[in-house]
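Right, one structure below, let's go through it.
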Amino acid sequence: MTKLLLKNLRNTSVKMKVLGITLGLVLLMGITSIFVVRESLVIKLSEDLDRRAISIASDLSSRTTDFTILHDLYSLHKLLQQTKSNNPDIEYIFILDHQGEEVLIHTLGSKFDVTSQLIEFNPINELEENEYHMVSYLSENGVIHDVVSPILGGDVGYVRVGLNENQIKATINDLSFIIIISTTIIAIIGFIISFILTKIIYKDLLKLIKVSKEVGKGNLNSKVEIESKDEIGLLGEEFNTMIDCLRTKNDENMAYLQELQMRNNELSLLHQLSVTFLDGDSFHKHLNHTAKKLKDDLNLQCCYIEISLNDDKIQTFHGNGSGNCDNCVINGGAKCFGPENYHIYPLETSKQNTGKVSICFKEDPDEVMLKFINSFIRQLSVIAENALLWQEIKYKEELRLKLLERVISAQEEERKRIARELHDETSQSLATIVLGITMLEETEQDQQLRNKLTDLRKITEKTIDEVHYLSWSLRPSALDDYGLLPAIKKYSEEFKKKYHIEVDIQVIGFEEIRLPSVVEISIYRVIQEALTNAARHADAENISIIIKHVKNVVSFIIEDDGNGFNASETVSRKLTKNHLGLKGMQERIESIGGRFFIESNPGIGTSIYVNDIKIGGVDYES
4 MTKLLLKNLR
14 NTSVKMKVLG
24 ITLGLVLLMG
34 ITSIFVVRES
44 LVIKLSEDLD
54 RRAISIASDL
64 SSRTTDFTIL
74 HDLYSLHKLL
84 QQTKSNNPDI
94 EYIFILDHQG
104 EEVLIHTLGS
114 KFDVTSQLIE
124 FNPINELEEN
134 EYHMVSYLSE
144 NGVIHDVVSP
154 ILGGDVGYVR
164 VGLNENQIKA
174 TINDLSFIII
184 ISTTIIAIIG
194 FIISFILTKI
204 IYKDLLKLIK
214 VSKEVGKGNL
224 NSKVEIESKD
234 EIGLLGEEFN
244 TMIDCLRTKN
254 DENMAYLQEL
264 QMRNNELSLL
274 HQLSVTFLDG
284 DSFHKHLNHT
294 AKKLKDDLNL
304 QCCYIEISLN
314 DDKIQTFHGN
324 GSGNCDNCVI
334 NGGAKCFGPE
344 NYHIYPLETS
354 KQNTGKVSIC
364 FKEDPDEVML
374 KFINSFIRQL
384 SVIAENALLW
394 QEIKYKEELR
404 LKLLERVISA
414 QEEERKRIAR
424 ELHDETSQSL
434 ATIVLGITML
444 EETEQDQQLR
454 NKLTDLRKIT
464 EKTIDEVHYL
474 SWSLRPSALD
484 DYGLLPAIKK
494 YSEEFKKKYH
504 IEVDIQVIGF
514 EEIRLPSVVE
524 ISIYRVIQEA
534 LTNAARHADA
544 ENISIIIKHV
554 KNVVSFIIED
564 DGNGFNASET
574 VSRKLTKNHL
584 GLKGMQERIE
594 SIGGRFFIES
604 NPGIGTSIYV
614 NDIKIGGVDY
624 ES
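Following the numbering used here from start to finish, the sequence shown increments by one per residue and tops out at 625.
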């Protein structure tokens, strides 16, 4: 509730706040005055009432002495009634005997008697040596101030006088009414004066508010017109100064923004150019977009760009469609209708002149526009040169891949020939030698010589096994006959027998799928090289191979738990004979369109990742 009230007060207008403060202060002063005056009057009038009660009681005690001694009740009654009539605030008067127990006479009338309770409110034994004793008590008629005064020292009797506060209340109420009326009149006058002053002040504030709204809308040409020289007038002057500063700063910002916009257009255009050489096939499309953006950003009449890339000439033109410019020299016309606005900028590279940019301005270009165009021409020259270099690099890369493919094919053919010769000739010759040694071993009588022949036969048989393994490694028949997966599994079994290293193979998605021969050979050779490296250099105990085929895309992972090496340093070094295997694996994978990654650190093994080998699969029957 308090928060809501404070919120409503904050949202109230300044005029209402000033008027509210004025009325609040007047009312606060009036209420405070009434309270203070009432309290002061109550105290003062009560004290006066006490003094009057004592005075009346003392006066009666002296004047009733003779009447009391003579027991002249008539005179006493007359005196008491006269005293009561002269003092309207007297509630009662009665006279007690010298013992203070019997009421001799009172002013309560015939229908009322003085009760013992009333007598006991102010007992005579409280007098002691005092001339009077006063008590106050609350009755049905309000607060009563009761005074007892002895008659002739109490030997004759006692006078009791009781005064009420009715006159005090009436006086206080009358005075409070006067204060209320005065406060109301002062509040009305104060409200009128505050309203007039607030209207004068608020008029200037409305001017400030109006101008501030205009400034908020962006109109910095507004000014506050305040004639007063008070604080609001000073505020208006400072506000005008602030508007002037804002206008100056805004002009500077607009100029800077225009420069930034031009620079942003330049950067956007240069970025458009910078990506063109990344894809030579889309160079013309990017160049066309660049010419259109250049014309739109600089508001040109027309723009023509011509670039020669070896034997390929790329041209693009953008104009506003006017009849004059459709037939101008840019499009092969014989005459230019605006020669003063027509400019040709050559594109020069380090080797040759690769083209030109022809621009027709609608109006004379400023310094910023010329700077922009010169920067554009320089960047376009660099892009043209990069495009030429890209074409050369792409052509050389295509030649390199073709040469690599032929080298790999020649290697495989040579491997196949050597494997065939080892199997058909060398193995047969060794088998003949084993047969001859066996026959000599059976016919030889000398035991020592027979033992040597036996050793020689075993060595020859082992050599035959090694020749068979070498022949199979050079060109496994399973690869040609059954495909990649059986060949890998067969090789892993032979590898395990020879090096005593566990090889785990997991295959995903090769159901009845046969890969193209070149893909199978490349993948097989990479896996073969990876296993050989793990056995010879990594001192591995376990090797894992995961090969996957999903949606005509082949990928595989080879991991070992060997010594590992610093892969980042090895890859970043220049090619040496110790790293030809890694480079060969990478080139084989890239030659079939895949991606080759290697991760390794000393002590944590090596992981080889091959991804994105896209193939067109065929089934076994086909």
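Even glycine gets a Cβ: it sits at the ideal position worked out from N, Cα and C.
Original post:
For methionine 245, is the classification buried or exposed, using 16 other Cβ atoms within 10 angstroms of its Cβ as the cut-off for buried?
Top reply: exposed
Original post:
What span of residues does the alpha helix (DSSP H) with glutamine 120 cover, start to end?
Top reply: 119-124
Original post:
Taking the C-alpha atoms as reference points, what is the distance between isoleucine 192 and isoleucine 184?
Top reply: 12 Å
**OP:** Within 10 angstroms of the Cβ of threonine 118, are there 16 or more other Cβ atoms? Answer buried if so, exposed if not.
**Re:** By the neighbour-count rule (16 or more Cβ atoms within 10 Å), threonine 118 is not buried but exposed.
Original post:
Is the distance from the Cβ of alanine 541 to the Cβ of glycine 512 below 8 Å?
Top reply: no
Original post:
What is the DSSP secondary structure of glycine 322, counted as helix, strand or coil?
Top reply: Of the three classes helix, strand and coil, the one that applies to glycine 322 here is strand, per DSSP.
Original post:
Thinking just about the alpha-carbon of each residue, which of Gln355, Lys206, Cys306, Ser225 is nearest to the one in valine 214?
Top reply: Ser225
Original post:
Which residues in the same chain as histidine 101 place their Cβ atom closer than 7 Å to its Cβ, once the five residues preceding and following it in sequence are excluded?
Top reply: Gly157, Asp158, Val159, Gly160
**OP:** Output yes or no for whether 8 Å exceeds the beta carbon distance between leucine 303 and lysine 365.
**Re:** yes
**OP:** Would you kindly work out how many angstroms separate the C-alpha atoms of aspartate 315 and asparagine 545, rounded to a whole number?
**Re:** 56 Å
Original post:
With 16 other CB atoms within 10 Å as the buried threshold, where does asparagine 125 fall?
Top reply: buried
**OP:** Find the nearest neighbour of asparagine 604 within the set Glu464, Phe568, Ser353, Leu301, judged by alpha-carbon distance.
**Re:** Phe568
Original post:
From leucine 518 to arginine 591, what does the alpha carbon distance come to, in whole angstroms?
Top reply: Taking the straight line from one Cα to the other gives about 16 Å.
Original post:
Roughly how many angstroms lie between the CA atoms of glutamine 448 and lysine 499, to the nearest whole one?
Top reply: 41 Å
Original post:
Can you name the start and end residues of the beta strand (DSSP E) that phenylalanine 599 belongs to?
Top reply: 598-603
Original post:
At which residues does the beta strand (DSSP E) containing glycine 439 begin and terminate?
Top reply: Not the beta strand (DSSP E): glycine 439 falls in the alpha helix (DSSP H), residues 430-446.
**OP:** Below 8 Å CB to CB, which residues in the same chain sit around serine 325 once its five sequence neighbours on both sides are set aside?
**Re:** Only weak support exists for where serine 325 lies, its pLDDT of 44 falling under 50; the coordinates are left without a value.
**OP:** Within 10 angstroms of the Cβ of serine 43, are there 16 or more other Cβ atoms? Answer buried if so, exposed if not.
**Re:** exposed
Original post:
Run through DSSP, which three-state label would alanine 145 get?
Top reply: Reading off the sequence shown, one finds glycine at residue 145, where the question assumed alanine. Three-state result, glycine 145: strand.
**OP:** Can you give me the Cβ contacts of lysine 87 inside the same chain, cut-off strictly under 7 Å, excluding the 5 residues immediately before and after it?
**Re:** Ile93, Ile96, Thr110
Subject >> methionine 588 classed as buried or exposed, judged by whether at least 16 other C-beta atoms fall within 10 angstroms >> reply: buried
Original post:
Is arginine 403 buried or exposed, if buried means 16 or more other CB atoms sit within 10 Å of its CB?
Top reply: exposed
Original post:
Hey, how far is the Cα of threonine 609 from the Cα of isoleucine 516?
Top reply: 29 Å
Original post:
What is the rounded straight-line gap between the Cα of threonine 68 and the Cα of valine 162?
Top reply: 10 Å
**OP:** Would you identify the three-state DSSP class for glycine 587, choosing helix, strand or coil?
**Re:** If DSSP states are grouped into helix, strand and coil, glycine 587 belongs with the helices.
Original post:
aspartate 315 by DSSP, collapsed to three states: which one?
Top reply: In the structure shown, aspartate 315 sits in a strand (DSSP, three-state: E or B).
**OP:** Please name the residue, chosen from Leu31, Asn243, Ile440, that lies closest to alanine 190 on a Cα-to-Cα basis.
**Re:** Leu31
Subject >> Exposed unless 16 or more other CB atoms sit within 10 angstroms - verdict on threonine 251 >> reply: exposed
Original post:
Is the Cβ-Cβ distance between valine 556 and lysine 617 less than 8 Å?
Top reply: yes
Original post:
Looking at C-alpha atoms only, which residue of Leu312, Glu395, Thr319, Ser361 is the closest neighbour of glutamine 355?
Top reply: Leu312
Subject >> Integer Cβ distance of isoleucine 317 from threonine 357, believed to fall under 8 Å >> reply: At roughly 10 Å, the Cβ-Cβ gap does not stay under 8 Å, so isoleucine 317 and threonine 357 are not in contact.
Original post:
leucine 107 by DSSP, collapsed to three states: which one?
Top reply: strand
**OP:** Can you check the region 481-520 for any beta strand (DSSP E) of at least 3 residues that lies completely inside it and give the ranges in chain order?
**Re:** 505-511
Subject >> Residues bridged to serine 139 (per DSSP) >> reply: His148
Subject >> Counted within 10 angstroms of its Cβ, other Cβ atoms place tyrosine 398 as buried (16 or more) or exposed >> reply: exposed
**OP:** Counting only the same chain and skipping the five closest in sequence on each side, list residues whose C-beta sits under 6 Å from that of asparagine 176.
**Re:** Cβ within range, chain order: n/a, list empty.
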